[in-house]
Amino acid sequence: MLERAISKTEWTRVRFDQIATQINDRVDNPAEAGVERYVGLEHLDPDSLRIRRWGEPTDVESTKLRFQPGDIIFGKRRVYQRKVAVADFEGICSAHAMVLRAKAGAVLPEFLPFFMQSDLFMERALSISVGSLSPTINWKALAAEEFLLPPLQEQARSVEASLGIEGAIDAYRNKIETLKLLRSSFLNDHFLPRLKSGVPLKTVVTLKAGGTPSRSSESFWGGNLPWASGKDLKVRLLSDTEERLTSEGWRAAKIAPAGATLIVVRGMILAHTFPVSVAAVPMAFNQDLRALVAGKSIRPAYLTAWAEWMGPWFLSRTAESSHGTKRLESQTIELALIPVVDHSAQDRFIRDDEKILAETRAASDRLHAVGELKKRFLNGLAGVA
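Its first residue numbered 352, the sequence shown is counted upward by one per residue in this note's numbering.
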C-alpha cells in the first residue's frame with residue numbers, strides 16, 4: 352500500500368543549500384557550553400533518526416558544534432555508516448558531524464531527514480566525500496548538489512507514512528532492548544548465586560587453540576570449508592565465514608567440532624566487547640580464538656550462555672601484548688569458575704533461555720522486515736524505483 356508508481360511531473364529540482372542551511376555554532380570549551388548532553392558519532396545508530404545515547408560535555412575537550420531541538424545531525428565522516436538523526440534536545444555534537452536546519456519553502460522540515468536517509472542521498476554524499484582512510488564530506492560540495500523533490504503536499508503525505516514506519520521500528524527496537532535486559536537478569540539470577548561453588552573451566556571443558564594454515568600455500572585457501580577469525584564472531588550461531596579453506600588447508604588447520612563455543616582471546620575488540628559464537632558446523636579457526644568443547648557434565652548450550660554472561664568479567668581481565676593488542680591469557684580462561692548443576696537443571700535453564708532468545712530473534716526478524724519496507728519507501732521519496 353505504501354509503494355506506488357512515481358510521477359515526477361510536479362517535482363522540483365533544487366540545490367541542497369536551497370532546502371537546508373549549515374549551522375556552524377562552534378563551542379571551543381565543551382565544559383562551558385551550558386548544556387547537559389554531548390552527542391558523538393558513536394552515539395548515533397545507522398538508519399535511525401532517534402538519538403538514544405549521549406555523553407556529557409565534560410567527557411570531551413576539543414571544539415564541538417551546538418545544536419537545537421529539531422536540528423539534523425549528519426555524520427559527515429564515513430558517510431557509508433548512514434548516520435542521520437534529529438535532535439529533540441539542545442546539546443553539542445562532534446565536529447565530525449554537520450548540524451543542518453531545514454529552510455522553509457521548498458521542503459517541509461519533517462520531510463528533510465527522511466529524504467536524507469534515502470539511498471540516493473547517501474550514495475550522492477559518499478560520491479563527493481574526500482579522503483581514502485576516513486572519507487569526509489564538506490558543506491560546500493554538498494550545498495551544490497541538486498535533487499528532485501516532490502511538491503509540499505506530497506511531502507506531507509510521505510512524512511505521515513514515514514512516521515508510522517518509524518514508530519514500528521522504534522517499537523521493535525524497544526522490545527529487543529527489553530528482551531536483552533530480561534535475559535541479562537535471567538542469566539544473573541542463575542549463575543551469580545552459584546558462582547562461588549563453581550569449578551575451574553578446565554576441569555569440565557576442553558579448551559582448543561586455533562591456528563592459521565600457511566598463507567604462502569595457495570592450495571590451502573579459496574575452498575568451501577569454513578575458517579573462523581575474530582571478524583566472523585558477529586552472530587550467535589556461526590555457520591559461514593569470510594575466508595574458507597580447501598580440503599588440503601583443512602587438514603593443516605585446527606578444527607572445532609559442531610556445537611563448540613568460540614570466543615575471542617586476542618584483538619582490539621576486547622577493549623569493549625567479548626564476542627561469543629557457537630560453531631553450527633565443524634569449523635577451522637585461527638589463533639585469536641579459543642574453542643570451548645563441553646565435557647560430559649556440561650551441556651553445550653549451557654556453556655555458551657555461561658560464556659556470554661562472563662563476558663564483562665573476562666574483559667576486565669584482559670592484558671596488552673607488546674604490540675598494544677588486547678589479549679586474554681589462557682590461564683584466566685582455564686581457571687574461570689563455572690557452576691555445574693545436574694543435567695535436568697541445565698535442560699530447564701536451556702529451555703527457558705531459548706524462549707527468550709527465540710522471542711528476541713523473532714523481534715529482530717520483524718525489525719529487519721520493517722527496515723526493508725522503510726528503505727523502499729524512502730527510495731520512493733527520492734524518486735528511486
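For each residue, glycine too, the CB sits at the ideal point set by N, CA and C.
Spatially closest choice to residue i from the options, by CA coordinates
i: R401; options: S445, D521, S548, G561; result: D521
i: L588; options: K605, V510, I424, E659; result: E659
i: P651; options: A611, W490, R668; result: A611
i: K726; options: T487, T557, S469, H674; result: S469
i: G391; options: D376, S399, P408; result: P408
i: H623; options: W664, S565, S535; result: W664
i: E599; options: P626, A609, P564, D583; result: P564
i: S509; options: V458, F462, L493, E517; result: F462
i: L732; options: A519, P544, L533, Q504; result: Q504
i: A455; options: Q369, S536, R475, N525; result: Q369
i: E412; options: Y653, Y389, E393, G421; result: Y389
i: T683; options: H694, H541, L552; result: L552
i: D698; options: R641, A609, H541; result: H541
i: H674; options: A607, M619, V627; result: M619
i: R668; options: R617, E705, L484; result: R617
i: Q373; options: A446, E393, E361; result: A446
i: L499; options: G482, L543, S672, E361; result: E361
Alpha-carbon to alpha-carbon, residue j and residue i
i: V721; j: A448; result: 27 Å
i: L643; j: E528; result: 28 Å
i: N489; j: L395; result: 19 Å
i: A371; j: R404; result: 25 Å
i: L718; j: Y523; result: 6 Å
i: F472; j: D716; result: 26 Å
i: S399; j: K434; result: 7 Å
i: K427; j: E723; result: 24 Å
i: V632; j: G549; result: 29 Å
i: R566; j: R602; result: 14 Å
i: L477; j: K491; result: 14 Å
i: Q506; j: L451; result: 19 Å
i: G474; j: D703; result: According to the sequence shown, residue 474 is Glu rather than Gly. Their backbone Cα atoms lie some 44 Å apart in a straight line.
i: T414; j: E387; result: 16 Å
i: S648; j: A560; result: 21 Å
i: G406; j: F440; result: 13 Å
i: K526; j: L514; result: 18 Å
i: A495; j: D583; result: 40 Å
i: D410; j: K359; result: 48 Å
Within 8 Å, strictly: CB atoms of residue i and residue j
i: A384; j: I424; result: no
i: L621; j: K677; result: yes
i: I701; j: V555; result: no
i: L713; j: F636; result: The question names Leu, but residue 713 in the sequence shown is Ala. Cβ atoms of A713 and F636: not closer than 8 Å.
i: L686; j: F465; result: no
i: R366; j: E497; result: yes
i: L576; j: R595; result: yes
i: A438; j: Q419; result: yes
i: G562; j: K605; result: yes
i: P397; j: Q432; result: yes
i: A656; j: L538; result: yes
i: V430; j: P501; result: no
i: R417; j: D379; result: no
i: W572; j: T597; result: yes
i: V615; j: G581; result: yes
i: T363; j: A457; result: yes
i: G646; j: T711; result: no
i: I707; j: L532; result: no
i: P460; j: G518; result: no
i: L654; j: F625; result: no
i: L493; j: I516; result: no
i: E680; j: A670; result: yes
Assigned secondary structure, residue i (DSSP; H/G/I helix, E/B strand, else coil)
i: S700; result: In the sequence as displayed, the identity of residue 700 is Phe instead of Ser. Three-state result, F700: helix.
i: K359; result: coil
i: S478; result: helix
i: F465; result: helix
i: S628; result: strand
i: E354; result: Any reading at E354 is ruled out, since the residue's pLDDT is 47, under 50, leaving its predicted position unreliable.
i: N637; result: coil
i: M473; result: helix
i: I370; result: coil
i: K454; result: coil
i: G662; result: helix
i: E723; result: helix
i: G573; result: strand
i: P551; result: strand
i: T669; result: coil
i: T612; result: strand
i: G618; result: coil
i: A687; result: coil
i: F440; result: coil
i: A736; result: Residue placement at A736 cannot be trusted, given a pLDDT of 44 that sits under 50; what the coordinates show is reported in the next sentence. In this structure, A736 counts as coil in the three-state DSSP scheme.
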